[in-house]
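Structure, as structure tokens:
2 protein chains.
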Amino acid sequence: MDIVIAGFGVVGQGVAEVIQQKGRALSEVFGEEIRIVGAFDSKSCEVSQDGLDPGALLKRKSMDGRVGKKDSDGDPWRILGGIDYDTLIEVTPTNIVDGEPGFTNMMIALNAGKNVITSNKGPLALKFKDLSRTAEAHDARLRFEATVGGATPIINLSRELLRGERILSIRGILNGTCNFILNRMKEEGLPFAQALREAQDMGIAERDPSYDIDGVDSACKAAILANAIFGLERTYSDVKRTGIRSVTEEAVSLAAEEKKVIRLIGEISGKRLEVAPRLVPIGHPLSIGGTRNIVQIHTDLAGEITVAGRGAGKFETASAILSDLVALLKENQK
Amino acid sequence: MDIVIAGFGVVGQGVAEVIQQKGRALSEVFGEEIRIVGAFDSKSCEVSQDGLDPGALLKRKSMDGRVGKKDSDGDPWRILGGIDYDTLIEVTPTNIVDGEPGFTNMMIALNAGKNVITSNKGPLALKFKDLSRTAEAHDARLRFEATVGGATPIINLSRELLRGERILSIRGILNGTCNFILNRMKEEGLPFAQALREAQDMGIAERDPSYDIDGVDSACKAAILANAIFGLERTYSDVKRTGIRSVTEEAVSLAAEEKKVIRLIGEISGKRLEVAPRLVPIGHPLSIGGTRNIVQIHTDLAGEITVAGRGAGKFETASAILSDLVALLKENQK
Numbered sequence: 004m005d006i007v008i009a010g011f012g013v014v015g016q017g018v019a020e021v022i023q024q025k026g027r028a029l030s031e032v033f034g035e036e037i038r039i040v041g042a043f044d045s046k047s048c049e050v051s052q053d054g055l056d057p058g059a060l061l062k063r064k065s066m067d068g069r070v071g072k073k074d075s076d077g078d079p080w081r082i083l084g085g086i087d088y089d090t091l092i093e094v095t096p097t098n099i100v101d102g103e104p105g106f107t108n109m110m111i112a113l114n115a116g117k118n119v120i121t122s123n124k125g126p127l128a129l130k131f132k133d134l135s136r137t138a139e140a141h142d143a144r145l146r147f148e149a150t151v152g153g154a155t156p157i158i159n160l161s162r163e164l165l166r167g168e169r170i171l172s173i174r175g176i177l178n179g180t181c182n183f184i185l186n187r188m189k190e191e192g193l194p195f196a197q198a199l200r201e202a203q204d205m206g207i208a209e210r211d212p213s214y215d216i217d218g219v220d221s222a223c224k225a226a227i228l229a230n231a232i233f234g235l236e237r238t239y240s241d242v243k244r245t246g247i248r249s250v251t252e253e254a255v256s257l258a259a260e261e262k263k264v265i266r267l268i269g270e271i272s273g274k275r276l277e278v279a280p281r282l283v284p285i286g287h288p289l290s291i292g293g294t295r296n297i298v299q300i301h302t303d304l305a306g307e308i309t310v311a312g313r314g315a316g317k318f319e320t321a322s323a324i325l326s327d328l329v330a331l332l333k334e335n336q337k
Numbered sequence: 004m005d006i007v008i009a010g011f012g013v014v015g016q017g018v019a020e021v022i023q024q025k026g027r028a029l030s031e032v033f034g035e036e037i038r039i040v041g042a043f044d045s046k047s048c049e050v051s052q053d054g055l056d057p058g059a060l061l062k063r064k065s066m067d068g069r070v071g072k073k074d075s076d077g078d079p080w081r082i083l084g085g086i087d088y089d090t091l092i093e094v095t096p097t098n099i100v101d102g103e104p105g106f107t108n109m110m111i112a113l114n115a116g117k118n119v120i121t122s123n124k125g126p127l128a129l130k131f132k133d134l135s136r137t138a139e140a141h142d143a144r145l146r147f148e149a150t151v152g153g154a155t156p157i158i159n160l161s162r163e164l165l166r167g168e169r170i171l172s173i174r175g176i177l178n179g180t181c182n183f184i185l186n187r188m189k190e191e192g193l194p195f196a197q198a199l200r201e202a203q204d205m206g207i208a209e210r211d212p213s214y215d216i217d218g219v220d221s222a223c224k225a226a227i228l229a230n231a232i233f234g235l236e237r238t239y240s241d242v243k244r245t246g247i248r249s250v251t252e253e254a255v256s257l258a259a260e261e262k263k264v265i266r267l268i269g270e271i272s273g274k275r276l277e278v279a280p281r282l283v284p285i286g287h288p289l290s291i292g293g294t295r296n297i298v299q300i301h302t303d304l305a306g307e308i309t310v311a312g313r314g315a316g317k318f319e320t321a322s323a324i325l326s327d328l329v330a331l332l333k334e335n336q337k
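Right, dumping it as structure tokens:
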């Protein structure tokens with residue numbers, strides 16, 4: 004399997020490290036050599052049909068702040084044009100306005116019949132229909148476990164392990180930052196603004212926290228789950244959305260009196276697509292604190308299955324990408 | 004796929020109902036007809052190379068207390084001898100002394116190169132080596148998701164979705180009955196004997212509760228996980244085991260003062276194989292009450308992934324068997 008990595012920030016570097024660590028073992032298990040034949044970031048590009056050394060890419064990025072020797076001049080595909088590859092790992096940053104540059108990268112690959120694995124929520128939450136139809140038309144595979152829940156295997160669990168079940172609904176905490184803030188408000192009796200500042204100081208919330216606290220990130224993930232698991236074609240603006248800005252100390256302490264906590268819950272089913280603060284009884288799986296993501300998958304036979312894991316992080320995201328990569332390798336064995 | 008169902012108790016009936024409900028849809032998805040060509044219980048046997056109607060089997064069992072018209076006289080394989088089939092669904096009751104009749108049923112199938120799907124813990128916890136080597140020697144597949152955690156997809160999640168990861172350890176609650184008892188002791192301040200009686204009255208614990216409360220059931224599951232996920236060859240007697248009989252009210256209330264609960268935890272890794280009561284901080288995922296099963300899977304990349312679900316029940320167990328059936332159907336597409 005010849006791979007191009009688009010984006011060489013934290014996630015792209017995590018992917019390169021994982022391939023460096025595990026590539027040889029996976030190659031042996033699946034009887035297929037795994038090579039990185041191209042990698043680019045916003046400034047630069049590096050290609051070699053014979054395979055690039057992940058260690059050298061990581062070293063250059065760390066020393067020079069760029070993955071490649073060649074300037075990409077805003078169009079890495081010009082340089083990549085001559086390269087033969089099988090799979091694009093698209094890990095440029097999420098852009099929720101127009102999905103770029105991820106959307107274009109993915110469409111170039113899919114139109115050429117190449118498989119895409121991505122952690123990039125923007126294109127999936129904005130233009131799922133275009134991507135999935137292009138993939139289908141060119142018999143390419145599009146996998147995106149890493150877009151929802153970080154290391155938590157929500158999509159592959161639902162689509163593969165529960166394939167014989169009818170999935171009725173999914174409910175869960177899809178954003179660790181909101182959960183951290185809500186939990187601190189409850190545990191320490193903090194007002195929202197102070198809990199937010201604390202999260203910002205700890206690097207859990209961004210300086211501009213709107214993407215998290217207004218529920219945009221959760222709504223993107225809810226839309227992706229609606230598409231991936233319920234076969235819908237939704238964008239994140241189809242999600243009914245209320246963030247946590249207006250959750251007051253009083254509301255949190257009133258909830259606590261009733262042995263409940265407030266959690267930002269995404270609810271996804273064939274009929275419902277919403278992100279909003281909800282009361283959750285203490286002791287219920289969705290009452291967890293911390294920054295983990297957690298979902299409950301309700302099905303006709305299993306009842307409900309709960310799955311939780313780390314929602315973000317370099318290796319956690321790389322873990323989800325790896326699980327998609329392994330799925331492709333396994334399919335290639337057919 | 005032509006199936007023989009061995010055992011037609013609660014789980015066997017659940018499997019027949021699921022095949023009745025979903026068989027046609029699955030046949031269409033995977034391009035392979037799914038038929039029950041044989042079924043037997045302790046008394047009787049029914050076979051038809053053209054396929055049996057699951058509804059008729061269920062009706063006879065419910066009316067006459069037996070699945071088949073023919074007496075099996077203790078040797079259903081005599082009647083089944085002439086039948087061609089692909090997969091044995093072995094769902095006779097767990098027997099932890101010698102694994103019978105499940106072990107013999109499985110060995111007959113595996114030696115004939117037939118795949119086996121089972122919910123029967125006995126043979127897996129006692130004679131895993133024999134089973135796995137026989138399967139390997141005859142190129143047959145042996146799947147047993149339903150032996151651990153009921154509907155909770157612990158084995159397939161670990162072996163398939165996390166296949167690229169290094170699994171470092173698994174810790175969790177593998178027996179819902181013990182968890183119910185421990186939780187009632189804590190919530191209501193009940194002594195062990197009273198919480199046990201309550202569980203027995205509710206049908207959660209057996210009249211002879213030893214299998215659950217002495218940790219035998221958990222130890223069987225721990226051994227199966229050690230074999231399935233860590234590549235070991237352990238039996239349940241290799242598991243260091245302490246049950247919950249000697250957990251006192253005082254211990255539970257002392258734990259509560261430290262914001263902890265006592266839970267019967269199975270711990271499985273390459274080096275450790277133990278079931279024992281442990282202190283778990285309230286709020287930790289493994290502090291859950293109720294009868295659910297829950298495990299935390301620790302890996303090199305994902306950190307830890309928690310998965311929880313219903314540990315027992317007719318359709319819950321059938322759900323796990325279905326997931327194995329779907330995996331076989333998917334592999335057959337190759």
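Note that the protein sequences, when read in sequence, are chains F and X.
Just so we're aligned: the first sequence equals residues 4 to 337 in the working numbering.
Just so we're aligned: the second sequence equals residues 4 to 337 in the working numbering.
Here a beta-carbon is modelled for each residue, glycine too, at the ideal position from N, C-alpha and C.
Within chain X, the residues that Val329 of chain F reaches when beta carbons sit closer than 8 Å: On the first sequence, position 326 is the one that residue 329 of chain F refers to. In chain order: Arg166 and Gly167.
Beta carbon proximity, Pro126 of chain X to chain F, threshold 9 Å: On the second sequence, residue 126 of chain X is found 123 positions in, with the first residue counted as 1. No, because no Cβ of chain F sits closer than 9 Å to the Cβ of Pro126 of chain X.
With 16 other Cβ atoms within 10 Å as the buried cut-off, status of Val151 of chain F: The residue you call residue 151 of chain F lines up with position 148 of the first sequence. Val151 of chain F is buried by the Cβ-count criterion.
Length of the line joining the Cα atoms of Gln23 of chain X and Pro57 of chain X: Position 20 of the second sequence, counted from the first residue, corresponds to residue 23 of chain X. Position 54 of the second sequence, counted from the first residue, corresponds to residue 57 of chain X. Straight-line Cα distance between these residues: approximately 6 Å.
Beta-bridge partners of Gly338 of chain X, as assigned by DSSP: Only positions 4 to 337 of chain X appear in the structure, and residue 338 of chain X is not among them; the question remains open.
Coarse secondary structure for Lys72 of chain F, derived from DSSP in three states: Here residue 72 of chain F corresponds to residue number 69 of the first sequence, with the count starting at 1. Looking at Lys72 of chain F - three-state DSSP - the assignment turns out to be coil, as it is neither helix nor strand.
Asn296 of chain X in three-state terms, based on DSSP: If you number the second sequence from 1, residue 296 of chain X lands on position 293. Three-state DSSP puts Asn296 of chain X in a strand.
For Leu131 of chain F, the three-state DSSP class (helix, strand or coil): Here residue 131 of chain F refers to the residue found at position 128 of the first sequence. According to the sequence shown, residue 131 of chain F is Phe rather than Leu. Here Phe131 of chain F sits in helix by DSSP.
Phe43 of chain X, DSSP secondary structure in three states: Here residue 43 of chain X refers to the residue found at position 40 of the second sequence. DSSP places Phe43 of chain X in strand when its eight states are reduced to three.
Chain-ordered chain X contacts of Asn335 of chain F [CB-CB under 7 Å]: Position 332 of the first sequence, counted from the first residue, corresponds to residue 335 of chain F. Correct list: empty, because the minimum Cβ distance to chain X is about 11 Å.
Cβ pair Arg244 of chain F, Ala222 of chain F closer than 9 Å: The residue you call residue 244 of chain F lines up with position 241 of the first sequence. The residue you call residue 222 of chain F lines up with position 219 of the first sequence. Contact flag set, yes.
For Lys243 of chain X: DSSP bridge partner residues: Here residue 243 of chain X is taken as the residue at index 240 of the second sequence, counted from 1. Lys243 of chain X is bridged to X:Glu277.
For His287 of chain X and Leu171 of chain X, believed in contact at Cβ under 8 Å, the rounded distance: Looking up residue 171 of chain X in the second sequence gives position 168. Looking up residue 287 of chain X in the second sequence gives position 284. 18 Å between Cβ atoms; not a contact.
Best match in X:Asn118, X:Gly68 and X:Thr97 for proximity to Asp87 of chain X [C-alpha to C-alpha]: For this step, residue 87 of chain X is matched to residue 84 along the second sequence. The shortest C-alpha separation from Asp87 of chain X is found at X:Asn118.
The region 13 to 20 of chain F touching the region 29 to 48 of chain F, judged by at least three CB pairs closer than 8 Å: yes
8 Å CB neighbourhood of His141 of chain F in its chain, flanking five on each side removed: Taking the first sequence and counting its residues from 1, the one referred to as residue 141 of chain F is at position 138. These residues qualify, in order along the chain: Leu113, Asn114, Ala115 and Gly116.
Interface residues of chain X facing Thr155 of chain F [CB-CB closer than 7 Å]: For the purposes of this step, residue 155 of chain F is taken as residue 152 along the first sequence, with counting starting at 1. The contacting residues are Ile308.
Chain-ordered residues of the region 280 to 294 of chain F with a beta carbon less than 8 Å from chain X: Gly286, Pro288, Ile291 and Gly292
Boundaries of the beta strand (DSSP E) in which Ile227 of chain F is found, first to last residue: For the purposes of this step, residue 227 of chain F is taken as the residue at position 224 of the first sequence. Ile227 of chain F -> not in any beta strand (DSSP E); alpha helix (DSSP H) instead, spanning Val219 to Phe233.
C-beta atoms of Lys224 of chain F and Ala154 of chain F nearer than 9 Å: Position 221 of the first sequence holds residue 224 of chain F. Position 151 of the first sequence holds residue 154 of chain F. Against a cut-off of 9 Å, the Cβ pair of Ala154 of chain F and Lys224 of chain F comes out as no contact.
Best match in X:Glu139, X:Leu160 and X:Ala138 for proximity to Glu148 of chain X [C-alpha to C-alpha]: On the second sequence, position 145 is the one that residue 148 of chain X refers to. The option with the nearest alpha carbon to Glu148 of chain X is X:Leu160.
Inter-residue spacing [alpha-carbon to alpha-carbon] between Ser240 of chain X and Asp44 of chain X: The residue you call residue 240 of chain X lines up with position 237 of the second sequence. The residue you call residue 44 of chain X lines up with position 41 of the second sequence. Each residue's Cα considered, the two are about 29 Å apart.
Test: Thr302 of chain F CB closer than 9 Å to a CB of chain X: Position 299 of the first sequence, counted from the first residue, corresponds to residue 302 of chain F. So, interface residue.
Proximity test, Cβ basis, 9 Å: Val21 of chain F and chain X: Here the question's residue 21 of chain F lines up with position 18 in the first sequence. Yes, its Cβ sits closer than 9 Å to a Cβ of chain X.
Sub-9 Å separation of Glu93 of chain F and Pro126 of chain F beta-carbons: Start at 1 with the first residue of the first sequence, and residue 93 of chain F comes out as number 90. Start at 1 with the first residue of the first sequence, and residue 126 of chain F comes out as number 123. Yes, the Cβ-Cβ distance between Glu93 of chain F and Pro126 of chain F is below 9 Å.
Buried versus exposed call for Met4 of chain F [16 or more other C-beta atoms within 10 Å across all chains shown]: Against the first sequence, residue 4 of chain F aligns to sequence position 1. When all chains shown are included, Met4 of chain F counts as buried.
Touching by the beta-carbon criterion (3+ pairs, under 8 Å), the region 316 to 335 of chain F and the region 302 to 310 of chain X: yes
For Ala311 of chain F, the three-state DSSP class (helix, strand or coil): Against the first sequence, residue 311 of chain F aligns to sequence position 308. Here Ala311 of chain F sits in strand by DSSP.
Any C-beta of chain X under 9 Å from that of Asn178 of chain F: The residue you call residue 178 of chain F lines up with position 175 of the first sequence. Not an interface residue.
Start-end ranges of the alpha helix (DSSP H) lying completely within the region 96 to 151 of chain X, minimum 4 residues: 105 to 114, 124 to 129 and 131 to 140
Residue from X:Cys181, X:Ile120 and X:Ser322 with nearest C-alpha to Gly246 of chain X: Counting from 1 along the second sequence, the entry for residue 246 of chain X is found at position 243. The shortest Cα separation from Gly246 of chain X among X:Cys181, X:Ile120 and X:Ser322 belongs to X:Cys181.
9 Å Cβ cutoff, Arg313 of chain F in contact with chain X: Along the first sequence, one-based indexing puts residue 313 of chain F at 310. Chain X, which has a Cβ nearer than 9 Å to the Cβ of Arg313 of chain F, makes this yes.
Rounded separation between Val32 of chain F and Ala330 of chain F - CA only: Against the first sequence, residue 32 of chain F aligns to sequence position 29. Against the first sequence, residue 330 of chain F aligns to sequence position 327. Each residue's Cα considered, the two are about 13 Å apart.
Collapsed DSSP secondary structure at Gln203 of chain X in the structure displayed: Translated into the one-based positions of the second sequence, residue 203 of chain X becomes position 200. In this structure, Gln203 of chain X counts as helix in the three-state DSSP scheme.
Beta-carbon separation (whole angstroms), Ile184 of chain F vs Phe233 of chain F, contact threshold 8 Å: For the purposes of this step, residue 184 of chain F is identified with residue 181 of the first sequence, where counting begins at 1. For the purposes of this step, residue 233 of chain F is identified with residue 230 of the first sequence, where counting begins at 1. Incorrect: roughly 29 Å between the Cβ atoms, too far for contact.
Helix, strand or coil at Lys262 of chain X according to DSSP, with G and I counted as helix: Here residue 262 of chain X is taken as the residue at index 259 of the second sequence, counted from 1. Coil.
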